[in-house]
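Novice: Got a structure here, written out as structure tokens. Questions coming.
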Amino acid sequence: MTREEVMEQMIEFAAMAFGKDAAGINENTDIAEELGAQSLQRVAMAASIENEFDVMVPVARFANYKTIGDLVDFVMDEM
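With the sequence shown counted from 1, adding 11 to any position gets you the numbering used here.
Shown next as structure tokens:
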């Protein structure tokens, strides 16, 4: 799977988890600042990532990923 494919899927997950329009989310979107990441939303997004990519995303570490691109890089490294 290419980075672009992972990015597309990650944007869809973020849109679903945070109730935002996918068109307004990109690689540089700040998860906490722009999406208003709350704990339950982070858990939902982490579960989507784990189910789709078979990559464990510890919820405690989720806050360490500032942007959507940071999460994509993490997934790419773990795949």
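For every residue, glycine included, the Cβ atom is placed at its ideal position computed from N, Cα and C.
(1) Can you tell me where the alpha helix (DSSP H) holding D88 begins and where it ends?
(2) For A48, which residues in the same chain have their Cβ closer than 6 Å to its Cβ, ignoring the five residues on either side in sequence?
(3) Determine the direct distance from the alpha carbon of E38 to that of M18, and round the result to whole angstroms.
(4) What do you reckon, are the CB atoms on V6 and V70 nearer than 7 Å?
(5) Whole-angstrom Cβ separation of S59 and A28, contact assumed at under 8 Å?
Specialist: In brief:
(1) The count along the sequence shown starts at 1 and reaches residue 88 at position 77. Looking at the DSSP string, the run of the alpha helix (DSSP H) that includes D88 is 79 to 89.
(2) On the sequence shown, residue 48 is found 37 positions in, with the first residue counted as 1. Counting only Cβ-Cβ distances below 6 Å, and skipping sequence neighbours, we find I42.
(3) For the purposes of this step, residue 18 is identified with residue 7 of the sequence shown, where counting begins at 1. For the purposes of this step, residue 38 is identified with residue 27 of the sequence shown, where counting begins at 1. M18 and E38: Cα-Cα distance of roughly 7 Å.
(4) Absent from the structure is residue 6, since the part of the chain shown begins at 12 and ends at 90.
(5) As a working note, residue 59 is residue 48 in the sequence shown. As a working note, residue 28 is residue 17 in the sequence shown. That belief holds up - the Cβ atoms of S59 and A28 are roughly 7 Å apart, short of 8 Å.
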